[in-house]
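Here is the structure we will look at, set down as structure tokens.
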Amino acid sequence: MALQNERPSGSAGLNDDIGEKKRLELYRTQVVIREAEQRAFDLFLQNLVKGTSHLSLGQEAVAAGFACAMQKGDLSFCTYRGHAHTLARGVSVEKVLGELMQRDNGLMRGKGGSMHLTSEEHGVMGSYAIIGAHLPIACGAAWRAQYKGDKDVSVCFFGDGTTNIGAFHEALNFAAVWKLPVVFVCENNLYMEYTPIGDVTAVKSPAGDRAAAYGLEKIVIDGNDADVVYRAARAAFEKARAGNGPSLIECLTYRHSGHSRADPAKYRPEGELEKWKLRDPIKIYKDRLKQFGVRPKAIDDIDASVRQEVDDATEACKRAPMPPLDILTTDVYADGGWAWRN
Amino acid sequence: MAEMTYRDAVARGIAQEMTRDPDVVFLGEDVAKAGGVFKATVGLFEQFGPLRVRDTPISEQAILGAAMGAAMTGLKPIAEIMFSDFFAVCFDYIANEFPKSRYMSNGQTKCPLVVRTGNGAGSRFGAQHSQSVENWCMMIPGLKVVAPSTPRDVIGLMAAAVRDPDPVIFFEHKSLYPMKGEVPDGEIVDTLGSAKIVRPGKDATICALALMVPRALAAAETLKSEHGIDCEVVDVRSLVPLDTQTILGSVARTHRLFTVEENPRLCGWGAEIVSIVADEAFYELDGPPVRITTPHIPLPAADILEDIVLPTPQRIAETVKRSLGS
Ligand SMILES: Cc1ncc(C[n+]2csc(CCOP(=O)(O)OP(=O)(O)O)c2C)c(N)n1
Ligand SMILES: [Mg+2]
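Chains A and B, in that order, give the protein sequences. Heads up, the first sequence is in numbering that gives the first Met the number 0, so the first residue is 0 and it goes up one at a time. Heads up, the second sequence is in numbering that gives the first Met the number 0, so the first residue is 0 and it goes up one at a time.
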């Protein structure tokens, strides 16, 4: 699949295979991520978000495009940069911010933190902070679906830097050989932590140019256009559900903030951020909705309701207590406790 | 009752569990069509078919990662890592992923899997295919760790491990594969976290694991017949959970403690047992606890070298005799 681009305006050329209902969902999902991530950053400045956090500002279209193409039963495996994917599967802003603020109302009551968001009931099977670790894990979940004859797909998100670790290559080969229903999604935001990916990678497209080594099609798409992402996701999921094995999709995108909260991103060449901001996924999508004749009022209503949701969540988190100390030793083992001896 | 090798007990134990539960699946390098490089899984592929017994590429991270993903979503995988030394190339799963996901997710996720692996020396394979690495795993909260010493225990502890809801690291000793033992007919299910007194005695407690158990038993026979010293031998079997009650109970009767460990000395499991006994049964002791270990060196390949670094029945007997001052 080549880089797909939405046609310019003029309704005759518009491809409406997605439909207004889904487009509004795609838009809303992106706005939820944008507002929640921006709030997380503000709360960090107020010292209410502790520890580290890795934002997806600027990368919203990838999370929205994939999540909106997923069905119940499909599973997401995320990285430490996983707030976006967690929110996109429908986890509430309050649960996510609560975890970032280390409150008892957080998704894991403060036991996991920003890098490990997990919500099994939403199919978010964990956020993994050891680079590459979750690619093989996603294979295993896909193996279960294959073994049981279920149609569930495992979707694994990771960055460009992750394509240089061994687990990436082991997982790609393993998934291809076993023909597993797993979709690997590389969010190429051009940087690992602080080093440009091109400086440390032997090929131009860190994921796309590796696909052939595993007998897979090279798929490199515009990761800032949620329609493009959604279509690529839909096609890969269809392939996986039909028993035709894995896909590897590289989404070209850019993070507007630093790598983590500690990073002012001084290593970027001048003008790069500004250039990418012209291709801000939310701006692109707002224009798209207008092209399809969605009234500005409907868009404003979505913006306002999301802002309200994030405000309410923030207040609820500020009011929430810290976790009680008795959860320190729970859930080390399946019996709920931590006993290692009799 | 039938006599069977430790090697054949592995396949029988896995077959018992795969027959019982269709969610038990098995993966690893050369384990299916070839029956394993140690021939410990011969027949499983033929009995359970290619969907449940699967050969993998040489991808230890993929093997353990896939086992975890399958376990999290409802299967009960058994994964083989051919030599336990190879844990070092997939240690992320053992140290960071299996044991932490339940805790980090506040109890949302589960990880009921078994990693079985060939552990230990005696095959003249040298420093990277002979190690005893059970202590690498014992130190990680969230894991369970077992190491059977007899064919019967292989089957019973394998069943317990597969049925356990936590990740279990199952150490098979390579030098025990050809050893024979009596095994009852029918289903065998043991319990994790239970040590076994395999020889009662009144003068000293010797705690041992895996290959060191038959060696401790041989030493005990010599000590009894030649010196009249009556040793109690405890097969620890399970490092996590650790059956401290059996060990403390034994020390309370014999008043002396020896540990026999194949792992190199520093941070070996015996140090933990000695520390627990020192903390909780100090006044029961009539003399210092003594650890008998492999010295703190990489393992050599040549037989005459390997043979002197592992604790032998002679070294165990001499150490006990000397310590007891007889
Ligand atoms: C095995 C391992 N090595 C290094 C790190 C430190 N680290 C955390 S994030 C990161 C950069 C990853 O880059 P990329 O895959 O492009 O993802 P992005 O952060 O850009 O989303 C690194 C090196 C780690 N967490 N794990
Ligand atoms: Mg990156």
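Positions of the beta carbon are idealized from the N, C-alpha and C atoms, including for glycine.
Checklist entry - Which first and last residues belong to the alpha helix (DSSP H) in which A:Y146 is found? => result Segment 133–147, the alpha helix (DSSP H) holding A:Y146.
Checklist entry - Three-state secondary structure (DSSP) at B:V196? => result Per the sequence shown, residue 196 of chain B should be read as Ile rather than Val. Under the three-state reduction of DSSP, B:I196 is assigned to strand.
Checklist entry - Residues bridged to B:V235 by DSSP? => result Per DSSP, none; premise fails for B:V235.
Next on the checklist: Per DSSP, what are the beta-bridge partners of B:V88 in this structure?
Outcome noted: Paired residues: none, contrary to the question.
Next on the checklist: Shorter than 7 Å, the distance from the beta carbon of A:M191 to the closest heavy atom of ligand 1, or not?
Outcome noted: Yes, the Cβ of A:M191 comes within 7 Å of a heavy atom of ligand 1.
Checklist entry - Who pairs with A:T117 in a beta bridge, going by DSSP? => result In DSSP, A:T117 forms no bridge with anything.
Checklist entry - The alpha helix (DSSP H) spanning A:E273 covers which residue range? => result Taken as a continuous stretch (DSSP letters only), the alpha helix (DSSP H) holding A:E273 covers 271–276.
Item to check | Per DSSP, cross-strand counterpart(s) of B:E181 | outcome: Answer is B:E2, bridged to B:E181.
Next on the checklist: Give me the residue from A:R340, A:Q58, A:A297 with the minimum Cα distance to A:S256.
Outcome noted: For the residues A:R340, A:Q58, A:A297, the minimum Cα distance to A:S256 belongs to A:Q58.
Checklist entry - Tell me which same chain residues have a C-beta within less than 6 Å of the C-beta of B:A277, skipping the five on either side of it? => result Closer than 6 Å at the Cβ level, and outside the excluded window around B:A277, lies no residue.
Checklist entry - From which residue to which residue does the beta strand (DSSP E) around A:E249 run? => result Start and end: 246–251.
Item to check | Heavy atom of ligand 2 within 7 Å of A:G89 beta-carbon | outcome: No, the Cβ of A:G89 stays beyond 7 Å of every heavy atom of ligand 2.
Checklist entry - When the cut-off is 8 Å and only beta carbons count, does A:P135 lie next to chain B? => result So, interface residue.
Item to check | Contact belief for A:S259 with A:S118 at Cβ below 8 Å, rounded distance in angstroms | outcome: About 22 Å separates the two Cβ atoms, so there is no contact after all.
Checklist entry - Around the C-beta of B:P312, are 16 or more other C-beta atoms found within 10 angstroms, so that it is buried, or is it exposed? => result The residue in question, B:P312, is buried, as its Cβ has 16 or more Cβ neighbours within 10 Å.
Next on the checklist: Below 7 Å, is the gap between the Cβ of A:G270 and the nearest heavy atom of ligand 2?
Outcome noted: Not under cutoff, so the answer is no.
Checklist entry - In its own chain, which residues sit with a C-beta less than 6 Å from the C-beta of A:D41, not counting the 5 before and 5 after it? => result Contacts found: none.
Next on the checklist: Output needed for B:M178: all residues of its chain with C-beta closer than 7 Å, excluding positions within five of it in sequence on either side, in chain order.
Outcome noted: Excluding its 5 nearest sequence neighbours in each direction, B:M178 has C-beta neighbours in its own chain below 7 Å: T4, Y5, listed in chain order.
Checklist entry - What beta strand (DSSP E) runs, 3 residues minimum, are completely inside the segment 202–228 of chain A? => result The segment 202–228 of chain A contains, as complete beta strand (DSSP E) runs of 3+ residues, the segments 218–221 (chain order).
Item to check | Contact list for the segment 63–95 of chain B against chain A, Cβ threshold 8 Å | outcome: Answer in chain order: L63, G64, A65, A66, M67, G68, A69, A70, M71, T72, G73, L74, P76, D91, Y92, N95.
Item to check | Residue-chain proximity (B:G248, chain A), Cβ-Cβ < 8 Å | outcome: Taking Cβ atoms only, chain A never reaches closer than 8 Å to B:G248, which makes this a no.
Next on the checklist: Per DSSP, what are the beta-bridge partners of B:I80 in this structure?
Outcome noted: In DSSP, B:I80 forms a bridge with B:T116.
Checklist entry - Excluding sequence positions up to five away, which residues of its chain have a Cβ less than 8 Å from the Cβ of A:W142? => result The residues are W177, L179.
Checklist entry - How about B:T55 and B:E16: are their beta carbons less than 8 Å apart? => result Going by C-beta atoms, B:T55 is not nearer than 8 Å to B:E16.
Checklist entry - By a C-beta neighbour count over all protein chains shown, 10 Å radius and 16 as the cutoff for buried, is A:D310 buried or exposed? => result Burial state of A:D310 is exposed, judged by a 10 Å Cβ sphere holding fewer than 16 other Cβ atoms.
Item to check | C-alpha distance - B:V88 paired with B:Q60, whole-angstrom precision | outcome: The alpha-carbon separation between B:V88 and B:Q60 amounts to approximately 7 Å.
Checklist entry - CA-CA distance, B:Q107 and A:N172? => result Rounded to whole angstroms, the gap between the alpha carbons of B:Q107 and A:N172 is 30 Å.
Next on the checklist: My output table needs one value for A:M124: the three-state DSSP class, helix, strand or coil.
Outcome noted: Reduced to three states, the DSSP call for A:M124 is strand.
Checklist entry - Just curious, the beta strand (DSSP E) that B:I205 is in, first and last residue? => result Secondary structure note for B:I205: its beta strand (DSSP E) is the uninterrupted segment 203–207.
Item to check | First and last residue of the uninterrupted alpha helix (DSSP H) at B:P213 | outcome: Residues 211–226.
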